[in-house]
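Colleague: Counting in my numbering, the sequence shown runs without a single skipped number right up to 413 at its last residue.
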Amino acid sequence: MRILANDGLVDEAVKYLKKERFTIETEKRDEDDLISEIGSFDALLVRSATKVTRAVLEAGVRDGGRLKIVGRGGVGTDNIDLDAAKELGVIVKFAPNGNTNATAEHALGLMFAIARRVPFAHHTLMNGVWHKKRFSGVELFGKTLGIIGCGRIGQALAGKAGALGMKVIGYDMYRSIDAPLEYVDTVPELLERSDFVSLHCGGADPVIKEEELKIMKDTAFLINASRGKNVSEDALYNALKTGVIAGAALDCYESEPKREGMPFECKLRELDNIVLSAHLGASTRNAGIRTGLEIAEVVTGYLRRGEFNNSVNVGQTVEDEGADVYTIFITHEDTPGMFGKFGTVMGELGVNIRENNSRRLGDHVQTVYIVHTQPGEAVREALTAIDGVSRVSF
Numbered sequence: 020m021r022i023l024a025n026d027g028l029v030d031e032a033v034k035y036l037k038k039e040r041f042t043i044e045t046e047k048r049d050e051d052d053l054i055s056e057i058g059s060f061d062a063l064l065v066r067s068a069t070k071v072t073r074a075v076l077e078a079g080v081r082d083g084g085r086l087k088i089v090g091r092g093g094v095g096t097d098n099i100d101l102d103a104a105k106e107l108g109v110i111v112k113f114a115p116n117g118n119t120n121a122t123a124e125h126a127l128g129l130m131f132a133i134a135r136r137v138p139f140a141h142h143t144l145m146n147g148v149w150h151k152k153r154f155s156g157v158e159l160f161g162k163t164l165g166i167i168g169c170g171r172i173g174q175a176l177a178g179k180a181g182a183l184g185m186k187v188i189g190y191d192m193y194r195s196i197d198a199p200l201e202y203v204d205t206v207p208e209l210l211e212r213s214d215f216v217s218l219h220c221g222g223a224d225p226v227i228k229e230e231e232l233k234i235m236k237d238t239a240f241l242i243n244a245s246r247g248k249n250v251s252e253d254a255l256y257n258a259l260k261t262g263v264i265a266g267a268a269l270d271c272y273e274s275e276p277k278r279e280g281m282p283f284e285c286k287l288r289e290l291d292n293i294v295l296s297a298h299l300g301a302s303t304r305n306a307g308i309r310t311g312l313e314i315a316e317v318v319t320g321y322l323r324r325g326e327f328n329n330s331v332n333v334g335q336t337v338e339d340e341g342a343d344v345y346t347i348f349i350t351h352e353d354t355p356g357m358f359g360k361f362g363t364v365m366g367e368l369g370v371n372i373r374e375n376n377s378r379r380l381g382d383h384v385q386t387v388y389i390v391h392t393q394p395g396e397a398v399r400e401a402l403t404a405i406d407g408v409s410r411v412s413f
């Protein structure tokens with residue numbers, strides 16, 4: 020099988036895929052070349068640079084095209100047409116864990132930078148001027164950090180902040196019993212209590228607007244190392260300029276340059292109580308290796324074993340599809356044609372098979388069918404009557 024890593028791939032991941040007997044190519048294709056060649060590849064791996072459009076996906080499956088899966092290194096899938104992929108039968112997977120520590124560390128670094136005004140002090144010294152009093156800052160120790168979005172990155176940041184002596188509270192629709200923080204019931208409550216607010220959530224609409232900024236303490240700092248759309252930049256500009264909050268540190272923006280070296284147009288640059296970085300949250304060598312290996316592993320799992328873990332456009336498990344599921348356990352001989360016989364019997368009795376897993380069990384095989392139809396005694400009797408079956412249970 021052939022894999023195209025169109026946005027490059029770390030050497031460690033390339034070696035892994037070659038060890039798994041895949042042919043891997045890393046030469047960048049522009050959109051026209053991608054459309055003309057993608058049908059000869061079984062998998063396409065991308066990061067954020069390559070746009071996987073409907074045209075690309077259609078070319079991947081047209082006229083016997085071999086494209087089966089698109090793997091996205093990292094979390095965001097805005098550059099992939101998920102609806103088209105679903106329509107065309109192409110699975111989309113992501114690698115969400117490789118960037119976790121790097122992004123959490125960067126958010127913490129932004130907190131230190133704005134709290135201790137490090138970039139400003141650096142800038143004046145680089146210009147040959149010594150200033151000390153004007154850059155007096157605040158400590159993180161003893162302060163309350165409020166995290167909006169308590170998934171992998173939010174919890175990783177919570178652990179690091181807690182180790183520094185911060186009190187950590189969090190808001191999320193889904194609560195983890197092991198999260199190293201105290202959950203609150205509403206975003207306004209979190210904003211009222213927090214000295215630092217860090218965003219680690221998704222969505223298309225702003226989380227922090229004028230109303231939310233007014234709820235925050237006038238001594239508080241806002242950190243965003245998640246998505247640019249999470250913060251209304253106009254509202255933040257006004258809040259920083261008028262002292263509604265003390266400062267902010269951002270790693271992502273409502274509008275970002277498409278390529279290295281392009282101009283960065285943002286009026287927040289005018290302010291002296293904000294720290295800016297160029298979407299560097301995941302930009303570490305360690306994160307690149309972890310993410311590359313993770314996406315290589317999840318794509319391999321699908322191409323070799325039909326695993327759906329880390330899928331974006333389909334349920335990772337049958338249960339995720341929302342329909343009732345039932346299990347049938349069959350112990351049988353390991354001989355050709357057994358699965359065909361099981362399928363014929365269940366089809367004739369109106370049992371809709373969704374998935375089956377099978378493993379050797381001594382001299383026999385144990386097969387577990389996941390079905391959407393509750394099996395009854397007639398199903399047990401019909402399956403047990405098949406030559407080679409020793410046991411059927413529900």
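The beta carbon of each residue, even a glycine, is placed where N, CA and C say it ideally should be. Remember, it's a predicted structure, so these values are computed and weren't measured experimentally.
What does the alpha-carbon distance come out to for the pair G93 and S409?
Modeller: Their Cα atoms are separated by approximately 47 Å.
Colleague: Can you give me the C-alpha to C-alpha distance between N146 and E289, rounded to a whole angstrom?
Modeller: Distance between the alpha carbons of N146 and E289 is about 18 Å.
Colleague: What would DSSP say about K162, mapped onto helix, strand or coil?
Modeller: K162 falls in the coil class under three-state DSSP.
Colleague: Of the choices G407, C169, D270, whose alpha-carbon is the least far from that of P355?
Modeller: Ranking G407, C169, D270 by Cα distance to P355 puts G407 first.
Colleague: In chain order, what residues of the same chain lie with their CB nearer than 8 Å to the CB of Y345, ignoring the 5 residues before and after it?
Modeller: Closer than 8 Å at the Cβ level, and outside the excluded window around Y345, lie I389, V390, H391, T392, Q393, P394, F413.
Colleague: Whose C-alpha, out of F113, N305, A32, is nearest the C-alpha of R66?
Modeller: Measuring from the Cα of R66, the nearest candidate turns out to be F113.
Colleague: Report yes if the CB atom of A267 is closer than 9 Å to the CB atom of I293, and no otherwise.
Modeller: Yes, the pair counts as a contact, with Cβ atoms nearer than the cut-off.
Colleague: In chain order, which alpha helix (DSSP H) runs of at least 4 residues are fully inside the segment 350-374?
Modeller: If we require 4 residues or more, the alpha helix (DSSP H) runs fully inside the segment 350-374 come out as 357-367.
Colleague: Using the DSSP secondary-structure output, state which residues sit across from Q385 in a beta bridge.
Modeller: Beta-bridge pairing links Q385 to T350, R378.
Colleague: Spell out a yes or no on whether the segment 374-390 and the segment 330-344 are touching, meaning 3 or more CB-CB pairs, one atom from each, closer than 8 Å.
Modeller: Verdict: yes, contact present.
Colleague: In terms of alpha-carbon separation, which member of G170, K162, T261, A182 lies closest to S213?
Modeller: Measuring from the Cα of S213, the nearest candidate turns out to be K162.
Colleague: Spatial neighbours of A258 within its chain, please: C-beta separation below 7 Å, excluding the five flanking residues on both sides.
Modeller: So the list reads L232, I264, once near-sequence residues are dropped.
Colleague: Is the CB-CB distance between G95 and I314 below 9 Å?
Modeller: Cβ atoms of G95 and I314: not closer than 9 Å.
Colleague: Compute the distance between the beta-carbons of G165 and V216, then report whether it is under 9 Å.
Modeller: The answer is yes: Cβ separation under 9 Å.
Colleague: According to the Cβ coordinates, are R378 and V370 closer than 9 Å?
Modeller: No, the Cβ-Cβ distance between R378 and V370 is not below 9 Å.
Colleague: What span of residues does the alpha helix (DSSP H) with A140 cover, start to end?
Modeller: A140 -> alpha helix (DSSP H) spans 137-145.
Colleague: Got a sec? Which residues, its chain only, sit under 7 Å from H142 by beta carbon, not counting five neighbours each side?
Modeller: Contacts found: none.
Colleague: Rounded to a whole number of angstroms, what is the C-alpha to C-alpha distance between V206 and Y190?
Modeller: If I take the Cα positions, the gap works out to 6 Å.
Colleague: Report the three-state DSSP secondary structure of K260 (helix, strand or coil).
Modeller: The answer is helix: DSSP assigns K260 an H, G or I state.
Colleague: For I99, which three-state DSSP category applies?
Modeller: I99: strand per DSSP, three-state reduction.
Colleague: Using DSSP bridges, identify the partner residues of S330.
Modeller: Answer is K112, bridged to S330.
Colleague: If I measure Cβ to Cβ from A198 and keep anything under 6 Å in the same chain, skipping five residues before and after, which residues do I get?
Modeller: Excluding residues within five positions, the ones whose Cβ falls inside 6 Å are C169, Q174.
Colleague: Identify, in the order they occur along the chain, each residue of the same chain with its Cβ nearer than 6 Å to the Cβ of G311, setting aside the five sequence neighbours on each side.
Modeller: Only L28, V29, A32 meet the Cβ criterion.
Colleague: Give the DSSP-derived three-state secondary structure of E124 in the structure shown.
Modeller: In the structure shown, E124 sits in a helix (DSSP, three-state: H, G or I).
Colleague: Where do the N-terminal and C-terminal ends of the alpha helix (DSSP H) with S55 fall, by residue?
Modeller: S55 -> alpha helix (DSSP H) spans 50-56.
Colleague: Suppose you measure from the CA of P138 to the CA of L129; what does that come to, to the nearest Å?
Modeller: Looking at the two C-alpha atoms, the distance is approximately 10 Å.
Colleague: Look up L200 in the DSSP assignment and say whether it is helix, strand or coil.
Modeller: Three-state DSSP puts L200 in coil, outside helix and strand.
Colleague: Does G184 pass the burial test, meaning 16 or more other C-beta atoms within 10 Å, or should it be called exposed?
Modeller: Looking at its Cβ environment, which holds fewer than 16 other Cβ atoms inside 10 Å, G184 is exposed.
Colleague: Which partner residues of R91 appear in the DSSP bridge assignment?
Modeller: The partner list for R91 (beta bridge, DSSP) reads V65, F113.
Colleague: Exposed or buried, what is V71 when buried is set at 16 or more other beta-carbons lying within 10 Å of its beta-carbon?
Modeller: Buried, because 16 or more other Cβ atoms sit within 10 Å of the Cβ of V71.
Colleague: Give the range of the beta strand (DSSP E) segment to which K186 is assigned.
Modeller: Here the beta strand (DSSP E) through K186 covers 186-190.
Colleague: Under 9 Å between the Cβ atoms of T119 and A244?
Modeller: Cβ distance not < 9 Å, so T119 and A244 don't count as in contact.
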